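Protein chains in written order, with our numbering: chain A, 22 to 348; chain B, 2 to 501. Yeah, the Cβ is synthetic: ideal placement off N, Cα and C, and Gly gets one too. Bear in mind the structure is a predicted one, so any value in this text is a computation, not a measurement.
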């Protein structure tokens with residue numbers, strides 16, 4: 022949104038940055054990988070990377086979820102609560118129905134439906150009732166947390182072995198989480214090509230213009246929230262696999278991490294500009310910062326402070342690189 | 002053959018009546034021109050047909066059957082395509098995506114069909130390929146285009162609707178000659194195909210070059226429809242002006258000729274974004290009016306003088322001394338005041354008490370850091386009384402006041418420490434008649450006390466009644482100066498519409 026000059030005299034980097042706004046984030050990611058390797062060579066081992074991915078896959082999913090609403094200029098502060106709700110629903114159902122393979126799959130399916138329903142509620146509240154997204158989804162987040170606490174009042178019910186063994190296991194010698202990443206990549210490639218993605222971005226760019234062009238703006242925004250609910254549910258399945266237990270408050274603090282990941286990935290919270298790949302990279306940046314803080318040997322009482330500073334620095338670096346290249 | 006009839010369309014926004022009675026008929030195979038002065042209701046009439054504005058009353062009859070247009074989608078489904086004056090483009094999307102945004106071609110209703118998108122967009126881009134200029138291609142984001150190129154994209158978007166009825170609301174305001182010529186060729190071809198076209202423009206020459214019929218709209222009412230062949234520019238302007246065309250404005254003549262009086266502000270060949278070669282002088286005691294159509298550079302000049310926008314050519318002297326405001330802060334320190342009609346953006350400190358809204362300039366000009374509220378209240382009291390501002394107590398938030406009273410507060414803040422020059426940028430937007438007359442009485446009094454005042458107003462009547470001289474702006478430069486008996490509505494429109 023910075024340059025208004027005609028394209029003719031613009032440098033190729035600026036054009037590339039326009040198409041791929043996550044390039045600065047990618048650069049930061051590379052720097053972080055190098056730093057991690059420097060302080061703890063083992064962190065670049067196959068095992069360690071598998072561990073990193075299985076821990077942060079949930080945040081990656083949640084960042085993707087957030088991206089689809091941010092594209093349209095909206096925000097969803099209930100993604101974390103949605104994640105918690107799906108987590109406890111899945112855990113409780115698996116416990117009730119027994120840990121058999123078919124039942125586990127069915128519970129996951131119900132979990133995804135729960136996520137979709139949460140997204141639909143948010144979409145209706147924000148786009149149909151036209152309440153301010155930031156406050157409305159804050160309110161629904163409290164509501165979803167309340168439902169989650171009703172479903173499972175205290176954390177602790179374990180997931181059946183069939184579930185977490187699969188998540189932490191291997192298929193054809195390749196860790197399960199990498200299969201998930203591959204499937205996710207395929208899904209994202211397909212989603213990028215959908216008409217909905219383009220419409221969400223157009224709405225985020227200028228909602229009034231989109232309305233006057235005859236786009237069904239409310240329906241498009243609702244679909245964005247439903248997609249967000251879907252990915253929040255997938256994130257819940259990942260976290261259930263990673264922690265192997267139910268916790269009605271597990272997602273609360275992840276909400277703003279997802280927003281941070283989206284912004285780190287080069288998306289604009291005002292809408293119209295955003296890529297899911299960027300948000301994925303943003304989530305990985307947050308993950309790598311956390312592990313770097315650990316590898317550097319920060320005393321535990323300083324970890325939050327250092328982590329916060331590191332995220333700030335990453336944000337500034339992203340803005341700085343973007344501006345420099347954009348000129 | 003397509004036929005669209007509008008009968009008695011009416012639309013009010015709050016207390017403002019945008020359209021009183023719109024009657025309009027459109028036939029296939031014609032270019033029907035709609036003309037009227039600032040705020041006469043042209044765009045509202047178009048938006049009613051396009052479905053983006055719901056009328057309060059009236060009916061729309063399409064091909065003999067009454068229809069209700071529920072929204073933009075419904076309008077498109079009925080076969081109506083529109084070019085929006087304020088454009089409806091997604092800035093970060095590409096040219097091709099914008100052209101087909103309303104009906105993105107999709108495979109299986111799900112995935113964007115890029116090939117079809119590119120092919121269909123290419124057809125419309127090709128029509129303007131040789132006149133669009135540098136840096137214009139199907140995959141350029143609209144954000145990187147010049148104003149004229151964006152307007153071309155909006156034209157292509159309207160054309161891509163392939164609708165039997167096409168509405169163009171000021172499609173040519175940023176285009177150059179070659180682009181306009183190309184656009185007119187296309188319009189003629191579409192007309193030949195039997196499409197019905199509504200065309201709005203402020204350029205008389207264009208209207209007579211392309212129009213078949215012309216409907217004049219005045220104060221929200223359609224007053225006359227005639228065949229272009231049977232009318233001429235002067236007649237059209239007379240119809241736009243109505244009965245009051247020959248009346249000389251009522252403003253008091255300046256106390257002394259500007260040559261003798263002390264010049265407060267002198268501007269020489271000022272140029273910047275949206276204006277060029279602007280020269281004028283304002284004497285102390287004089288109200289100089291800026292007139293013409295909306296957005297011809299009047300606001301830009303005022304904002305540049307106040308340091309809120311930059312200028313890159315020309316010079317300004319204030320009381321005989323060279324003056325160049327780097328920022329509004331700088332301008333205020335030099336005794337230049339600016340009041341904008343856009344109160345919420347430029348004036349009011351939302352949610353804060355009236356007192357705080359009256360005193361910021363006082364703080365700035367006297368470099369005050371701390372102050373006793375009671376002393377401040379005494380200072381604020383005088384200007385507020387002079388303006389007949391109605392409020393409960395000075396500690397109430399400014400939002401508790403009506404628009405007119407809010408604007409009085411914004412003006413009052415300049416009166417504690419009197420400026421030498423007062424720049425008024427359409428100051429009466431959205432305020433009631435009583436407040437307006439209070440405001441202009443005060444402005445006249447300030448002038449009489451020796452202030453130099455520049456008044457831009459988009460309401461022609463207001464300008465004619467209050468300005469001692471009027472500079473008429475067109476496309477960023479001054480095309481005519483109206484003094485004394487020349488200050489008639491007819492002359493004002495004549496100059497603004499460039500009627501030969």
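Item: Does any residue of chain A have a CB that is nearer than 8 Å to the CB of residue 105 (chain B)?; Value: yes
Item: Would residue 244 (chain A) pass as an interface residue toward chain E - the criterion being a Cβ-Cβ separation below 8 Å?; Value: Annotation note: the requested chain E is absent from the structure, which comprises protein chains A and B.
Item: Where does residue 228 (chain B) land, buried or exposed, given buried means 16+ other C-beta within 10 angstroms?; Value: exposed
Item: On a CA-only basis, which of B:190, B:398, B:36 is nearest residue 218 (chain B)? Give me that one, please.; Value: B:36
Item: So with CB distances below 8 Å, who are the chain B contacts of residue 216 (chain A)?; Value: 105, 107, 110, 111, 112, 113
Item: Can you tell me which of the three DSSP states residue 457 (chain B) falls into?; Value: strand
Item: Can you say whether residue 337 (chain A) is buried or exposed, counting buried as having 16 or more other CB atoms within 10 angstroms of its CB?; Value: exposed
Item: Residue 237 (chain A) touches chain B at which residues, Cβ-Cβ below 7 Å?; Value: 74
Item: Using the Cβ count rule (16 or more neighbours within 10 Å means buried), how would you classify residue 446 (chain B)?; Value: exposed
Item: Sort out for me which residues DSSP pairs residue 267 (chain B) with in a bridge.; Value: B:282, B:318
Item: Between the segment 219 to 238 of chain A and chain B, which residues of the former have CB atoms less than 9 Å from a CB of the latter, in chain order?; Value: 219, 220, 222, 223, 224, 225, 226, 227, 229, 230, 231, 232, 233, 234, 235, 236, 237
Item: Using the beta-carbon count (16 or more within 10 Å), is residue 257 (chain B) buried or exposed?; Value: Here the model assigns residue 257 (chain B) a pLDDT of 46, short of 50, so the residue's position is not dependable, and the following value carries that caveat. Exposed.
Item: Taking the alpha carbon of residue 233 (chain A) as the point to measure from, which residue in B:26, B:42, B:88, B:444 has its own alpha carbon closest?; Value: B:88
Item: Look at the alpha carbon of residue 224 (chain B) and the alpha carbon of residue 19 (chain B), and state the distance between them as a whole number of angstroms.; Value: 15 Å
Item: Thinking just about the alpha-carbon of each residue, which of B:496, B:73, B:437 is nearest to the one in residue 297 (chain B)?; Value: B:496
Item: Excluding the five sequence neighbours on either side, which residues of its own chain have a C-beta within less than 7 Å of the C-beta of residue 114 (chain A), listed in chain order?; Value: 128, 131
Item: CB-CB under 6 Å to residue 297 (chain A), same chain, minus the five flanking residues each way: which ones, in chain order?; Value: 85, 88, 209
Item: Please decide whether residue 122 (chain B) counts as near chain A, where near means a Cβ-Cβ distance under 8 Å.; Value: no
Item: Of the residues B:31, B:25, B:29, B:483, which one's Cα is nearest the Cα of residue 42 (chain B)?; Value: B:25
Item: Within a Cβ cutoff of 8 Å, which residues of the same chain sit near residue 354 (chain B), ignoring the five residues on either side of it in sequence?; Value: 395, 396, 397, 398, 399
Item: Going along the segment 276 to 304 of chain A in order, which residues come within less than 7 Å of chain B, judged by CB to CB distance?; Value: 293, 294
Item: Which residue spans inside the segment 93 to 168 of chain A form an unbroken alpha helix (DSSP H) run of at least 4?; Value: 100 to 118, 122 to 144
Item: According to DSSP, what are the bridge partners of residue 352 (chain A)?; Value: Because chain A in this structure spans residues 22 to 348, residue 352 (chain A) falls outside the shown range and cannot be described.
Item: Suppose the cutoff is 6 Å on Cβ atoms and the five residues either side in sequence are ignored; what does the same chain contact list for residue 436 (chain B) look like?; Value: 405
Item: At the level of alpha carbons, what is the spacing between residue 443 (chain B) and residue 325 (chain B)?; Value: 28 Å
Item: Would you check whether the ligand NAD has a heavy atom nearer than 7 Å to the C-beta of residue 152 (chain A)?; Value: In the structure on display, the ligand NAD does not appear, and there are no ligands present to speak of.
Item: I think residue 132 (chain B) touches residue 204 (chain B), with their Cβ atoms under 8 Å apart; what is that distance to the nearest whole Å?; Value: About 17 Å; that fails the 8 Å criterion.
Item: Can the beta-carbon of residue 216 (chain A) be found less than 8 Å from the beta-carbon of residue 107 (chain B)?; Value: yes
Item: Does the separation of the CB atoms of residue 159 (chain A) and residue 98 (chain A) fall below 8 Å?; Value: yes
Item: Against chain A, does residue 142 (chain B) count as a neighbour if the rule is that its beta carbon must be under 8 Å from one of theirs?; Value: yes
Item: So which residues of chain B does residue 39 (chain A) contact, with C-beta pairs closer than 7 Å?; Value: 142
Item: Which residues in the same chain as residue 92 (chain A) place their Cβ atom closer than 6 Å to its Cβ, once the five residues preceding and following it in sequence are excluded?; Value: 221, 222, 225, 295
Item: So the alpha helix (DSSP H) residue 371 (chain B) belongs to, where does it begin and stop?; Value: No alpha helix (DSSP H) contains residue 371 (chain B), which DSSP labels as neither H nor E.
Item: Would you call the segment 158 to 178 of chain A and the segment 252 to 260 of chain A in contact, with 3 or more CB pairs under 8 Å?; Value: no
Item: Against chain A, with Cβ distances strictly below 8 Å, would residue 53 (chain B) count as a contact?; Value: yes
Item: For a contact meaning CB atoms closer than 7 Å, what does residue 77 (chain B) contact in chain A?; Value: 235
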